[in-house]
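Reading through the structure tokens given below for one structure.
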Ligand SMILES: [Zn+2]
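Numbering (the numbering used here), first residue to last: 1 to 173.
Pasting the structure below:
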């Protein structure tokens, strides 16, 4: 028997009423964009490159739109590393970078972080995404590993020591 599912905040859950399959099928077609996770402790104006996501004060750009991104004056620029490299000469950002990685792209090396700092002069926060763009693990302001949000989607070495930021999720290091 197929169990009808509802999507609540991007997660599939069993529908409270299993006797309305037509309505459930309709809801399943309407997949919401993943919410952007702001790594800063305050709201910010966010430019996201190509990734499908949503949030307040957030706009999505293509990597070819450097002029439009500049005019938007992003406080956070969020993109895969390859696109940050493409834009490094033409776009500036005032508060932070979010670097999207996935299982196929290597985690950020110290050399890459140093290069990002030299070019953009703002802290960078790695966010590991799954294929649908949901954040699996994310870096906090302590920059000591990635807090794991979804254990089922994670592989690698984990530490369970509490982070200095106060969060208690295991971290990928
Ligand atoms: Zn932390």
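Each residue gets a CB set at the ideal place from its N, CA and C atoms; glycine is no exception. Predicted, not measured: the structure shown is a model, and the values here were computed from it.
Exercise for review: Starting from residue 127, trace the beta strand (DSSP E) both ways and give me its first and last residue.
Suggested key: 124-129
**Study point:** Distance, residue 101 Cα to residue 153 Cα
**Key:** 14 Å
Review point. Do the region 87-107 and the region 120-129 make contact, defined as three or more Cβ pairs closer than 8 Å?
Key: yes
**Study point:** Alpha carbon of residue 104 to alpha carbon of residue 93, nearest angstrom
**Key:** 26 Å
Point to revise | residue 138 - containing alpha helix (DSSP H), residue span | key: Note, residue 138: premise wrong, no alpha helix (DSSP H); beta strand (DSSP E) at 135-139.
Practice item. Indicate, with yes or no, if ligand 1 has a heavy atom lying under 8 Å from the CB of residue 165. Key: yes
Check your understanding: Got a sec: does ligand 1 put a non-hydrogen atom nearer than 8 Å to the Cβ of residue 144?
Key -> yes
Practice item. Tell whether a beta-carbon distance below 9 Å holds between residue 49 and residue 79. Key: yes
**Study point:** Secondary structure of residue 61, DSSP reduced to three states
**Key:** strand
**Study point:** Spatial neighbours of residue 133 in its chain, beta-carbon cut-off 7 Å, leaving aside the 5 residues before and after
**Key:** 34, 51, 52, 53
**Study point:** Boundaries (first-last residue) of the beta strand (DSSP E) holding residue 100
**Key:** 96-101
**Study point:** CB-CB length for residue 73 against residue 45, believed under 8 Å
**Key:** 7 Å
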